[in-house]
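Engineer: Take a look at this one; I'll ask things after.
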Amino acid sequence: MNYSFTQTAANKAYVSVVCFFIVLFFVGLADSLVLSTTFLMGVVPIYVALFSAAIALFLIIAFRFRTPPKLQRCCHVMTLLGATAFTYLQLVFWQLIPTPEVFWAQNPVSMSIITMMVLMLFIGLFLRLRYPNLAFDITRSTLVTCIIIVLTGVTVWYGISYQAVAESSENARTKIHLIGDMINKRLEDQVNALGRIKARLDRLGGDDFDVVTQVDMENYVADYRVIEGMLLLDEDLTAVASTPFAKEFKDAGLLGSEGTQAWLQTRSSNVRLAANASSLDTPTPTVMVSVPIDAKSGAYFQLIALLNMNALISTEYLDYLSSVRTYLEFSPELLISMHGESRGSTNLAELENVYRHSVTETVTLTNAIDHNFHSYLVDYSDLEESARFKQLLLWLTMAFGFIFILAADNTRRLRQNREKLEHMATYDDVTGLLRRDAFNQQTEALRIGCEGCHRAVIFVNLDAFNSLNKTLGHDIGDVILAEIAKRIKASANHCDILARFSSDEFILYYRDTTAHKLKKDAKAVLSNIADVYKPNDMELHLTASAGIAVTSQAKVEAKTLIQQADIAMNIAKLNGGNQFAIYQSTMADERKQLVAVRNKLQTALNKQQLEVFYQPIFSAEHQRIVSVESLVRWRTEEGFISPGVFIPIAEKTGQIIQLGELVLDMVLRDIQQYEELQGITVAVNISPQQLTRIDFIKTIGEQLNRYAVTPSQLTLELTESVISDGGQTEQVLKSLRALGFHVAIDDFGTGFSSLSYLTTQPSDIIKIDRAFTFGVETEGKERNLLSMIVQICKQLEKTVVIEGVETQAQVDLFKAVGCDRLQGFYLGKPMPLAELIPLLQDQDSTS
Numbered sequence: 059m060n061y062s063f064t065q066t067a068a069n070k071a072y073v074s075v076v077c078f079f080i081v082l083f084f085v086g087l088a089d090s091l092v093l094s095t096t097f098l099m100g101v102v103p104i105y106v107a108l109f110s111a112a113i114a115l116f117l118i119i120a121f122r123f124r125t126p127p128k129l130q131r132c133c134h135v136m137t138l139l140g141a142t143a144f145t146y147l148q149l150v151f152w153q154l155i156p157t158p159e160v161f162w163a164q165n166p167v168s169m170s171i172i173t174m175m176v177l178m179l180f181i182g183l184f185l186r187l188r189y190p191n192l193a194f195d196i197t198r199s200t201l202v203t204c205i206i207i208v209l210t211g212v213t214v215w216y217g218i219s220y221q222a223v224a225e226s227s228e229n230a231r232t233k234i235h236l237i238g239d240m241i242n243k244r245l246e247d248q249v250n251a252l253g254r255i256k257a258r259l260d261r262l263g264g265d266d267f268d269v270v271t272q273v274d275m276e277n278y279v280a281d282y283r284v285i286e287g288m289l290l291l292d293e294d295l296t297a298v299a300s301t302p303f304a305k306e307f308k309d310a311g312l313l314g315s316e317g318t319q320a321w322l323q324t325r326s327s328n329v330r331l332a333a334n335a336s337s338l339d340t341p342t343p344t345v346m347v348s349v350p351i352d353a354k355s356g357a358y359f360q361l362i363a364l365l366n367m368n369a370l371i372s373t374e375y376l377d378y379l380s381s382v383r384t385y386l387e388f389s390p391e392l393l394i395s396m397h398g399e400s401r402g403s404t405n406l407a408e409l410e411n412v413y414r415h416s417v418t419e420t421v422t423l424t425n426a427i428d429h430n431f432h433s434y435l436v437d438y439s440d441l442e443e444s445a446r447f448k449q450l451l452l453w454l455t456m457a458f459g460f461i462f463i464l465a466a467d468n469t470r471r472l473r474q475n476r477e478k479l480e481h482m483a484t485y486d487d488v489t490g491l492l493r494r495d496a497f498n499q500q501t502e503a504l505r506i507g508c509e510g511c512h513r514a515v516i517f518v519n520l521d522a523f524n525s526l527n528k529t530l531g532h533d534i535g536d537v538i539l540a541e542i543a544k545r546i547k548a549s550a551n552h553c554d555i556l557a558r559f560s561s562d563e564f565i566l567y568y569r570d571t572t573a574h575k576l577k578k579d580a581k582a583v584l585s586n587i588a589d590v591y592k593p594n595d596m597e598l599h600l601t602a603s604a605g606i607a608v609t610s611q612a613k614v615e616a617k618t619l620i621q622q623a624d625i626a627m628n629i630a631k632l633n634g635g636n637q638f639a640i641y642q643s644t645m646a647d648e649r650k651q652l653v654a655v656r657n658k659l660q661t662a663l664n665k666q667q668l669e670v671f672y673q674p675i676f677s678a679e680h681q682r683i684v685s686v687e688s689l690v691r692w693r694t695e696e697g698f699i700s701p702g703v704f705i706p707i708a709e710k711t712g713q714i715i716q717l718g719e720l721v722l723d724m725v726l727r728d729i730q731q732y733e734e735l736q737g738i739t740v741a742v743n744i745s746p747q748q749l750t751r752i753d754f755i756k757t758i759g760e761q762l763n764r765y766a767v768t769p770s771q772l773t774l775e776l777t778e779s780v781i782s783d784g785g786q787t788e789q790v791l792k793s794l795r796a797l798g799f800h801v802a803i804d805d806f807g808t809g810f811s812s813l814s815y816l817t818t819q820p821s822d823i824i825k826i827d828r829a830f831t832f833g834v835e836t837e838g839k840e841r842n843l844l845s846m847i848v849q850i851c852k853q854l855e856k857t858v859v860i861e862g863v864e865t866q867a868q869v870d871l872f873k874a875v876g877c878d879r880l881q882g883f884y885l886g887k888p889m890p891l892a893e894l895i896p897l898l899q900d901q902d903s904t905s
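For the sequence shown, this note's numbering assigns the number 59 to the initial residue and increments by one for each residue that follows.
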């Protein structure tokens with residue numbers, strides 16, 4: 059099966075590329091509207107969607123214009139550039155070469171589609187340049203299938219990529235909520251633990267209060283990792299007791315900020331929490347827990363626990379979410395890392411500059427204040443691996459689309475070839491008419507249920523079309539045949555089926571007709587065929603013969619009607635052609651006789667059973683034999699068959715060529731063997747079919763050389779109608795005369811040519827037909843006409859021969875009017891060579 063990429067396949071591929079970018083635009087548009095604010099990143103960012111729309115618009119505009127020839131030369135450069143760009147992007151995408159960080163930071167998922175966009179763009183440009191005649195000639199079903207393939211591939215890729223992005227985004231949110239839950243849980247635990255201290259201290263007073271307070275603070279700091287230090291403040295915010303870290307914390311002034319002081323000065327009966335802003339950018343960001351103490355002595359104290367914010371989070375539970383980094387926002391200018399390590403503070407702008415993909419969630423902490431948590435994607439490896447795998451879906455889509463385009467195009471070509479073959483099997487490629495087989499099928503279908511219908515066939519055969527084909531060539535012949543087909547179609551108004559039966563034969567079929575319609579159509583067809591033809595500024599005339607066969611019996615098959623019409627056509631042709639004949643039952647017998655004669659003649663030719671008789675031609679002045687005419691005779695067991703019977707059949711069947719060559723060969727052999735024949739000229743009849751053969755001069759020359767006979771010893775006799783055709787025939791005769799042959803016009807006066815053509819035709823002998831010898835014995839117009847013709851020929855230096863001499867009076871008369879030679883039964887009948895030679899010998903002995 060041939061899977062070459064044709065123009066039509068290029069059309070489909072180009073439209074598929076455009077569909078790819080259109081689909082990608084709408085997918086990207088929906089993605090940007092839905093996912094841009096809810097997920098870490100979009101699958102198809104808005105800039106990708108906009109680029110897709112721009113590329114699709116560009117390709118659509120380019121589709122409407124033919125590529126200039128100069129741009130077509132850029133096809134190979136464009137191919138190399140596109141292949142290079144795509145290969146580089148793919149190598150980077152698959153990390154086979156060093157990968158710029160910015161490449162993945164842009165969105166690893168969208169990079170998989172961007173590389174495919176580059177490939178599809180250059181494929182589109184290549185198709186535009188390589189196939190300048192792109193056209194939207196895709197069937198609706200093919201277009202829908204291409205759209206479905208592209209839409210399915212892109213949406214499936216988008217769907218699974220969406221799941222990957224959704225999973226990463228969900229992980230980021232999960233980490234935020236896990237951290238929030240951890241903070242709230244730890245803070246709740248510390249508040250409960252500090253509540254127990256409060257309950258105990260509220261019952262104490264005096265020295266016991268101070269001792270228990272100091273002991274509890276030291277124990278709690280030792281027991282709880284999250285508590286870095288504790289201190290006890292009185293109403294004046296003076297430290298009554300403290301642990302070492304708390305003392306350093308206070309001495310460092312971390313409690314001295316205006317906000318912290320205001321918070322500490324606020325009296326409350328509840329446990330309170332607050333982040334110490336001054337410590338957030340230190341290695342130990344601190345959350346302050348204030349526990350109000352109402353001592354038994356009536357004094358008011360605050361037990362301040364300093365909690366390490368980093369210790370609030372158990373990082374071992376968050377390792378599986380290490381691809382994202384989470385920050386707690388106190389303000390846009392102050393964010394704290396939530397990874398259990400000292401990383402200091404940062405601001406939102408700095409984070410947004412470093413990390414491009416994030417999600418934000420609001421979490422309510424124990425202090426009933428909502429805080430924003432930001433999770434930033436810092437490790438793209440999972441998404442990179444997922445994007446590489448999912449890009450294979452786009453490759454599969456592209457491969458499937460390519461295979462579909464090739465298969466669809468191949469199917470289209472197979473269908474076109476099948477339709478073409480069916481058309482070629484049904485219709486003739488020259489005339490556009492039905493072929494014989496298709497004609498038979500259709501006529502058989504029409505025969506069903508047609509009992510009583512007057513079915514008919516007109517069989518048309520062009521007269522002498524083969525000679526025109528040989529003379530002017532088959533190209534001109536095909537042009538004429540096509541024109542004839544148009545004329546027949548326009549003329550046969552009542553015809554049901556029209557077909558070309560063979561090279562120069564046409565059939566008209568009528569399912570139910572009348573004799574009047576048949577004759578009318580036959581006359582119109584023959585009349586139109588006879589009109590002048592003008593191929594290549596030449597004027598040509600053709601005629602045709604037609605046969606008509608009619609039947610009212612449904613059981614008679616069309617092929618039988620064709621045979622009958624063919625027989626009638628042959629009768630019309632034998633009657634002179636350019637007419638039609640209606641089939642009669644007696645014609646079949648005549649046809650059988652014709653076929654029998656043809657078969658017997660072929661046997662006689664193959665076995666060389668024909669003979670040559672010679673009829674003497676005498677000099678009018680000396681009554682001596684100066685020439686003889688060779689005449690073919692066919693002797694059978696029943697006797698001689700008249701040349702008038704088998705010669706016309708041989709001319710019709712083409713056997714005349716073999717017959718002519720055989721007669722010429724026998725004559726040349728006789729000339730070679732008998733000196734008596736070498737002293738005179740021998741006339742040989744040449745048929746039109748022989749004369750029009752391309753190698754005629756070469757063939758006759760080879761025969762003369764074989765028998766050592768000179769051209770001057772032969773006279774080539776042709777009918778007046780052959781010589782008067784002019785053209786190629788005239789050129790052949792001039793060449794023969796130049797070689798030394800004598801050329802005679804036989805049966806002069808029976809054609810339709812004017813006497814003026816005698817001045818140009820290349821013959822040197824004129825044989826006047828016997829029709830001019832009737833009634834010349836008496837004075838009158840017949841004798842005057844004969845005398846005039848003879849005188850014209852003499853003026854043109856032609857040798858004049860009178861045929862059909864039957865009396866001595868005619869001999870004397872023809873001699874008197876100036877005839878040069880005489881031929882007829884009175885002087886000598888056609889005779890075999892055995893009888894001729896003694897006559898020539900006697901003539902030589904008396905001379």
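Glycine residues also receive a C-beta, built at the ideal position from the N, C-alpha and C atoms.
Report all residues from its chain with a CB closer than 7 Å to the CB of proline 372; omit the five preceding and five following residues, and keep chain order.
Structural biologist: Proline is not the amino acid found at residue 372; the sequence shown has serine there. Excluding residues within five positions, the ones whose Cβ falls inside 7 Å are Met240.
Engineer: From what residue to what residue does the alpha helix (DSSP H) around asparagine 229 run?
Structural biologist: Here the alpha helix (DSSP H) through asparagine 229 covers 198–259.
Engineer: So for tyrosine 434, helix, strand or coil by DSSP?
Structural biologist: Here tyrosine 434 sits in strand by DSSP.
Engineer: Which same chain residues, not among the five before or five after aspartate 900, have their C-beta less than 6 Å away from its C-beta?
Structural biologist: Contacts found: none.
Engineer: Using only CA atoms, which one of Thr469, Leu794, Glu837, Ala483 lies nearest to glutamine 819?
Structural biologist: For the residues Thr469, Leu794, Glu837, Ala483, the minimum Cα distance to glutamine 819 belongs to Leu794.
Engineer: Between valine 834 and leucine 871, which are expected to be in contact by the criterion C-beta below 8 Å, what is the C-beta distance as a whole number of angstroms?
Structural biologist: Correct: roughly 6 Å between the Cβ atoms.
Engineer: Hey, would you say leucine 556 sits closer than 9 Å to leucine 492, going by beta carbons?
Structural biologist: Closer than 9 Å, so yes.
Engineer: For tryptophan 215, count the other beta carbons within 10 Å of its own beta carbon; 16 or more makes it buried, fewer makes it exposed. Which is it?
Structural biologist: Buried, because 16 or more other Cβ atoms sit within 10 Å of the Cβ of tryptophan 215.
Engineer: Can you tell me which residues form a DSSP beta bridge with glycine 759?
Structural biologist: According to DSSP, which records beta bridges pairwise, glycine 759 is partnered with nothing at all.
Engineer: Leucine 252 and alanine 907 - do their beta-carbons sit closer together than 9 Å?
Structural biologist: Limits of the chain in this structure are 59 at one end and 905 at the other, which puts residue 907 out of reach.
Engineer: Under the three-state reduction of DSSP, which class applies to proline 746: helix, strand or coil?
Structural biologist: Of the three classes helix, strand and coil, the one that applies to proline 746 here is helix, per DSSP.
Engineer: Would you say alanine 107 and leucine 82 are within 9 Å of each other, going by their C-beta atoms?
Structural biologist: Contact flag set, yes.
Engineer: With respect to the alpha helix (DSSP H) encompassing phenylalanine 517, which residues constitute its N-terminal and C-terminal limits?
Structural biologist: Looking at the DSSP string, phenylalanine 517 is not in any alpha helix (DSSP H); the run it does join, the beta strand (DSSP E), is 513–520.
Engineer: What are the uninterrupted segments assigned as beta strand (DSSP E) that are 3 or more residues long and contained completely in the segment 534–561, given in chain order?
Structural biologist: Segments of the beta strand (DSSP E) lying fully in the segment 534–561: 555–560.
Engineer: Nearest CA to the CA of valine 537: which residue from Phe523, Cys511, Pro593, Thr501?
Structural biologist: Nearest C-alpha to valine 537: Pro593.
Engineer: Write down every uninterrupted run of the beta strand (DSSP E) in the segment 640–721 whose length is 3 residues or greater and which is fully enclosed by it, in chain order.
Structural biologist: Listed in chain order, they are 668–677, 683–694, 697–699.
Engineer: Just the Cα atoms here: how many angstroms apart are threonine 64 and threonine 197?
Structural biologist: Threonine 64 and threonine 197: Cα-Cα distance of roughly 16 Å.
Engineer: Shorter than 9 Å from the beta carbon of serine 433 to some beta carbon of chain C?
Structural biologist: Any reference to chain C falls outside this structure, which holds one protein chain only.
Engineer: Assuming contact is defined by CB atoms lying nearer than 9 Å, are glycine 882 and isoleucine 850 in contact in what I supplied?
Structural biologist: No, these two residues do not count as a Cβ contact at 9 Å.
Engineer: Are the CB atoms of asparagine 334 and methionine 346 nearer to each other than 9 Å?
Structural biologist: Against a cut-off of 9 Å, the Cβ pair of methionine 346 and asparagine 334 comes out as a contact.
Engineer: Could you give the DSSP three-state label for isoleucine 803: helix, strand or coil?
Structural biologist: Residue state, collapsed to three classes: strand.
Engineer: Whole angstroms are fine: how far does the CA of tyrosine 591 sit from the CA of serine 676?
Structural biologist: A small correction: the amino acid at residue 676 is phenylalanine; serine does not occupy that position in the sequence shown. The straight-line gap from Cα to Cα measures roughly 46 Å.
Engineer: Pull up the DSSP beta-bridge partners for tyrosine 146, would you.
Structural biologist: Bridge partners of tyrosine 146: none, in fact.
Engineer: Going along the chain, which residues of its own chain have a beta-carbon closer than 7 Å to the beta-carbon of glutamate 696, five neighbours each way excluded?
Structural biologist: The answer is none, since no qualifying residue turns up.
Engineer: Do the CB positions of phenylalanine 754 and valine 790 come within less than 9 Å of each other?
Structural biologist: For phenylalanine 754 and valine 790, yes; Cβs fall inside 9 Å.
Engineer: Using only alpha-carbon positions, find the residue among Met275, Ser395, Thr213, Leu717 that is nearest to threonine 301.
Structural biologist: Of Met275, Ser395, Thr213, Leu717, the residue nearest in Cα terms is Met275.
Engineer: Does alanine 297 come out as helix, strand or coil in the three-state DSSP assignment?
Structural biologist: Of the three classes helix, strand and coil, the one that applies to alanine 297 here is strand, per DSSP.
Engineer: The beta strand (DSSP E) with glutamate 563 in it runs from where to where?
Structural biologist: 563–568 is the extent of the beta strand (DSSP E) around glutamate 563.
Engineer: Three or more C-beta pairs under 8 Å: does that hold for the segment 426–441 against the segment 133–148?
Structural biologist: No, the segment 426–441 does not touch the segment 133–148.
Engineer: Is it a yes or a no for the segment 404–420 touching the segment 95–106, going by three-plus beta-carbon pairs under 8 Å?
Structural biologist: Verdict: yes, contact present.
Engineer: Measure the alpha-carbon distance for glutamate 228 versus methionine 174 and round it to whole angstroms.
Structural biologist: Taking the straight line joining both Cα atoms gives about 28 Å.
Engineer: Within this structure, are the beta carbons of alanine 230 and leucine 435 separated by less than 9 Å?
Structural biologist: Yes, these two residues count as a Cβ contact at 9 Å.
Engineer: Check each candidate in Arg283, Thr344, Val279 and name the one with the smallest Cα separation from phenylalanine 307.
Structural biologist: If we check each option's Cα against that of phenylalanine 307, Thr344 comes out closest.
Engineer: Tell me the rounded alpha-carbon separation between serine 525 and proline 701.
Structural biologist: Rounded to whole angstroms, serine 525 to proline 701 spans 23 Å at the Cα level.
Engineer: If you pair each beta-carbon of the segment 512–527 with each one of the segment 605–612, do three or more pairs fall below 8 Å?
Structural biologist: Result yes; three or more Cβ-Cβ pairs closer than 8 Å.
Engineer: Between leucine 898 and isoleucine 683, which are expected to be in contact by the criterion C-beta below 8 Å, what is the C-beta distance as a whole number of angstroms?
Structural biologist: The Cβ separation is near 6 Å, so the contact holds.
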